[in-house]
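Residue numbers (numbering that gives the first Met the number 0), protein chains in the order written: chain A, 0 to 248; chain B, 0 to 218; chain C, 0 to 221. Report on one structure; see the data block that follows.
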Amino acid sequence: MFNLFKYSSPASFYPLAGRLAVGFGIASVMLLVIGLYMSFFVAPTDYKQGEGYRIMFIHVPAAWMSMWIYVVMACFAAAGMIWNTRLSSMMASSLAPTGAMFTFIALWTGALWGKPMWGAWWVWDARLTSELILLFLYVGFMALESAIDDPRRAARASGLLALVGVVNVPIIYYSVQWWNTLHQGSSIKVVSGGIETSMSEIMVWTLLVMTFACWFYAVAVSLSRVRSTILERESGTAWVKTLLTGDKA
Amino acid sequence: MGKALLEIKGLECVRGDNQLFSELSFSLEGGSLLHVHGPNGSGKTTLLRAIAGLVLPENGEICWNGEATGRQEDDFNRELLYLGHHYGLKFELTGYENLKVFANLSGAEISEHEVEAALTRFGLAHCVELPVKVLSQGQKRRVALARLLLQRSKLWILDEPFVALDVAAVELLLGVIKAHVGDGGMVILTTHQEVAMDAGKLQHLHLGEKPAASMAAQR
Amino acid sequence: MLSALRCIVMRDLTLAMRHRSDVLTTVFFFIIVVSLFPLGVGPDAALLKEMAAGVVWVAALLASMLSLTRLFADDYNDGTLEQLMLVPQPLVLIVLGKVLAHWIISGLPLVLMSPLLGLQFGLEGDELIMLMLTLLIGTPVLSLLGAIGAALTLGLRGGGVLVSLLVLPLYIPVLIFGAGAVTASAAGMGADGHLSLMGAILLLALVLAPWASAAALRISVE
């Protein structure tokens, strides 16, 4: 992401992370305001699905982010394992809760969307099922990390799990798709594919703005989370002590 | 002689958020014994496990024959015998079966007779065919120690090897250690026992007295 | 190399033979779980036949997972695991040997039991053979993937529950293709596609999973 090698030491990354978190936070809020305005007032009503389709503007970015964050997390985990840098492992674990949250939002909004569109809160659609499994993977990552007391072992073990997961994600995704087409006997027709092709230009723009809002939010939140992790893990070191006493003075 | 086989350079180990030791450097040559001292929690066991390659050090390097142990395939492990707090024995197997498994895996051709001889040396002649679980603590320790005689490793790393042994067995083990050092072998051990050596070199390492400063090896 | 592999497998099999009840527990767990389904959904023969493959497969996943906690844990507790990591043999080989023994102890009995359970659900002839065949290809994958989870959760409190959380999502592809193959062959469609995909998954797991487990063991044994 940034110049990792220059800032790979927690002491020099800490203040940088603080500035970046604020910057991304502000950008995210601004984009979110614009994006929400566009999704509710600017984007036209869908000729097929009426107003209900507007939930897509949060559902699709959340689904994208949930997958993207897992990949980024695995990259950080891999970097942490290869170069044995503490900071990348901390970044990986800071991303996990945000990723899980987006997965949950994607599932939740998917259910809300499904009720009017498909007539059921939950259908075993390939995308929904894969998203559910992704949630399991996030939960497993966080559960493993929190079950290990030693922070170093926790970082390394959960990093390895993230790598195992990212190798499996495509296999799981394609097997679920295969499974879904095999069992596609019922009357359910997946319509999400239909929307994207028939989307007007303004819808695409709204979607993009919302996606960047979510993305910047993820960056801001995980950076501020990594800041507190740094403070916690490095609490014994000199620079944290001077930082804390300096703040008080 | 004279050439350091084992070199520790700037080693730092942490446990949890605690730094156990840092900037620890020493070297060890053939025919010497390193006695590691230190109060509880000073990182003696961690140091031994780090040298054996079971613990990944936070910083620093451990070199065997001039090459980092982590980068050697199995050459270092072939020269190494580590005995820790656990016996490392399967209690359902007999002493003989336990020793045989490790002998097979270490690639050494070891005859049935040699295994029995090693057990007999440690006073376990009558226990060869008994499952380890019926043996006493001291006897279990002796079965584990019998591996010292079988595997012909150069470097022995022994974490509290005298625990649970009776007086006779302590004498016996001291004799075995001295013979090994006398033959040019190397031993690193932790113990509260006084170890007097008449052959080879005796080195002492004190952990955890003053942080960082006193951790260089003392002769 | 091969002699070391054989040595590990024989060691674990000998240990299992001296703890025969552990092996039987897994098999009976498998049988009980499968037998519970008809009690839950009712004795409708057509429905049961349709469910058979899925039920047997899910039960096999659970049974295989149940025995995972013992794969490394016993060796970890008595210190033999760290000794095995220090022998002059590649750790990947040791892991492979242990996984192979684990499969012989806990996977193979499930394969052998499955036709009997399939009969209870009204499967016949080719379907029974297909069920056995998919389990034969699939259960080694369960042992291989499970070893990663077992190695990661070594020595943790609640490791048994945690391992299911980590491993079950990874089992999904095997479940889909395993149960799918039986369903497909029952419906008169060819199951070759399923079987070759399962074979591919097995190969992939065979190549990658022992490395991941070995890395996980190095992390867990500190």
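Using N, Cα and C, we set each Cβ at its ideal position, and we do this for glycine too.
Which same chain residues, not among the five before or five after residue i, have their C-beta less than 6 angstroms away from its C-beta?
| i | result |
| --- | --- |
| A/Trp238 | Ala10 |
| A/Ile171 | Ile132 |
| C/Ser142 | Val98, His101, Trp102, Gly106 |
| B/Ile176 | Val186 |
| B/Glu78 | Ser152, Lys153, Leu154 |
| C/Asp74 | Leu80 |
| C/Leu203 | none |
| A/Ala20 | Ala219, Leu222, Ser223 |
Under the three-state reduction of DSSP, which class applies to residue i: helix, strand or coil?
| i | result |
| --- | --- |
| B/Val186 | strand |
| B/Ala163 | coil |
| B/Gln138 | helix |
| C/Ser163 | helix |
| A/Thr102 | helix |
| B/Arg14 | strand |
| A/Gly192 | For A/Gly192, the predicted structure reports a pLDDT of 48, less than 50, and the residue's modelled location is therefore unreliable. A value from the coordinates is still provided. In this structure, A/Gly192 counts as helix in the three-state DSSP scheme. |
| C/Leu203 | helix |
| A/Phe39 | helix |
| C/Gln119 | helix |
| A/Glu139 | It should be noted that the sequence gives Gly, not Glu, for residue 139 of chain A. A/Gly139 falls in the helix class under three-state DSSP. |
| A/Thr236 | coil |
| A/Phe23 | helix |
| B/Asn58 | strand |
| B/Thr93 | strand |
| B/Leu206 | coil |
| B/Tyr81 | strand |
| A/Ile229 | helix |
| A/Ser11 | helix |
| B/Leu53 | coil |
Between residue i and the rest of its own chain, which residues show a CB-CB distance below 8 angstroms, the 5 nearest in sequence each way excluded?
| i | result |
| --- | --- |
| B/Pro130 | Phe90, Glu91, Leu92, Thr93 |
| B/Val169 | Phe161, Gln192 |
| B/Ala167 | Gly122 |
| C/Leu12 | Ala100, Ile103, Ile104 |
| C/Pro37 | Leu47, Gln119, Phe120 |
With a Cβ-Cβ cutoff of 9 angstroms, do residue i and residue j count as a contact?
| i | j | result |
| --- | --- | --- |
| A/Ala16 | A/Leu222 | yes |
| A/Glu144 | A/Ala217 | no |
| A/Trp121 | A/Ala110 | yes |
| A/Tyr18 | A/Thr97 | The amino acid at residue 18 of chain A is misidentified as Tyr; the sequence shows Arg. No, the Cβ-Cβ distance between A/Arg18 and A/Thr97 is not below 9 angstroms. |
| C/Val162 | C/Leu116 | no |
| B/Ala145 | B/Ala124 | no |
| A/Ala156 | C/Ser219 | yes |
| A/Ile54 | A/Phe101 | no |
| B/Ala51 | B/Leu88 | no |
| A/Ala212 | A/Gly34 | yes |
| A/Ala119 | A/Gly113 | yes |
| C/Gly78 | B/His84 | yes |
| B/Leu171 | B/Leu33 | no |
| B/Arg141 | B/Leu173 | no |
| C/Ala178 | C/Leu92 | no |
| C/Ala213 | C/Pro89 | yes |
| C/Ile147 | C/Ala59 | no |
| A/Ser38 | A/Phe56 | yes |
| B/Leu226 | B/Leu147 | What the structure shows of chain B is the stretch from 0 to 218, and residue 226 of chain B is not part of that stretch, so it cannot be assessed. |
Applying a beta-carbon distance threshold of less than 7 angstroms, which residues of chain D neighbour residue i?
| i | result |
| --- | --- |
| C/Phe176 | Given the protein chain composition of this structure (A, B and C), no chain D is represented. |
Just checking residue i against the ligand ADP - is the residue's beta carbon closer than 8 angstroms to any of the ligand's heavy atoms?
| i | result |
| --- | --- |
| A/Thr128 | Judged by which ligands are present, the structure shown has none, so any question about the ligand ADP falls away. |
With DSSP as the reference, please indicate the residues paired to residue i in a beta bridge.
| i | result |
| --- | --- |
| B/Cys126 | Per DSSP, none; premise fails for B/Cys126. |
| A/Gly49 | A/Asp45 |
| B/Leu32 | B/Val186, B/Leu201 |
| B/Leu154 | B/Leu79, B/Met185 |
| B/Ser26 | B/Glu6 |
| B/Glu66 | B/Trp63 |
Which same chain residues end up closer than 7 angstroms to residue i when comparing Cβ atoms and leaving out the 5 residues on each side of it in sequence?
| i | result |
| --- | --- |
| B/Leu4 | Leu27, Glu28, Gly29, Trp63, Asn64, Met185 |
| C/Met129 | Ala180, Val181, Ser184, Ala190 |
| B/Ile109 | Ala102, Leu149 |
| C/Lys48 | Phe120, Gly121, Leu122 |
| B/Lys139 | Tyr86, Leu88, Val131 |
| C/Leu201 | Ile136, Pro139, Val140 |
| C/Ala150 | Phe71, Ser212, Ala215, Leu216, Ser219 |
Pairing CB atoms from the region 17–30 of chain C with CB atoms from the region 109–126 of chain C, are three or more of them under 8 angstroms? yes
Under 8 angstroms: do the region 227–235 of chain A and the region 66–74 of chain A share three or more Cβ pairs, one atom per stretch? no
Quick check: the region 167–176 of chain C against the region 146–154 of chain A, are there 3 or more CB pairs under 8 angstroms? Contact between the region 167–176 of chain C and the region 146–154 of chain A is absent, because fewer than three Cβ pairs lie under 8 angstroms.
So, do the region 160–176 of chain A and the region 75–83 of chain A have three or more beta carbon pairs nearer to each other than 8 angstroms? yes
Do the region 10–25 of chain B and the region 44–53 of chain B meet, that is, are 3 or more Cβ pairs less than 8 angstroms apart? yes
Does the count of Cβ pairs from the region 147–167 of chain C and the region 123–138 of chain C closer than 8 angstroms reach three? Touching, no.
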